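**Q** Let me begin by handing over the structure; questions about it come next.
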Amino acid sequence: MKQSLTNLIFFMLYAIPTYTVIYLFFLPQIASSMSVEYENIVLSVIIILIALFTWLAILPALICRTGSKLIIFLLCFLLSPTLLGWILLMIWAVSSNNNADRHEDIMDILQSRNY
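If you use this note's numbering, the sequence shown corresponds to residues 102 to 216, in order.
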């Protein structure tokens with residue numbers, strides 16, 4: 102439960118500024134150049150695309166299950182726009198998960214041998 106709540110908070114923190122920028126700067130220009138009948142469709146598509154790109158941009162922070170989750174999330178703001186930065190963050194998140202899983206397996210083995 103805590104993990105999913107953290108992921109939701111991260112998603113909202115990343116998405117709210119994006120939606121604000123789109124609403125303030127791009128939506129009036131798009132709306133003025135289109136007919137009314139297509140405006141709702143375009144707005145819906147834009148919202149879905151922003152949600153998809155937001156999820157993709159913070160994916161390294163969402164999959165990380167270790168203590169470096171917050172650091173990875175903060176670096177997503179800076180490095181996600183660059184493909185290389187996003188790939189490095191993804192590698193960091195996956196490798197930290199592997200290390201945590203390995204440590205957990207070792208602790209389970211040690212505890213089972215003590216009993």
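By construction, the Cβ of each residue, glycine as well, lies at the ideal position given by its N, Cα and C atoms. Please read all numbers here as calculations on a predicted model, not as lab measurements.
#1: Determine the direct distance from the alpha carbon of D202 to that of G270, and round the result to whole angstroms.
#2: If you draw a straight line from the alpha carbon of Y115 to that of Y124, how long is it in whole angstroms?
#3: Residue range of the alpha helix (DSSP H) that L160 falls in?
#4: Should F257 go down as buried or exposed, given a rule of 16 or more other Cβ atoms within 10 Å for buried?
#5: Under 8 Å between the Cβ atoms of L171 and L180?
**A** Considering the structure as presented:
#1: A query on residue 270 cannot be resolved here, the shown segment of the chain reaching from 102 to 216 and no further.
#2: About 15 Å.
#3: Taken as a continuous stretch (DSSP letters only), the alpha helix (DSSP H) holding L160 covers 160 to 164.
#4: Nothing can be reported for residue 257, as the shown portion of the chain is limited to 102 through 216.
#5: It is not a contact, given that the beta carbons lie outside the stated cut-off.
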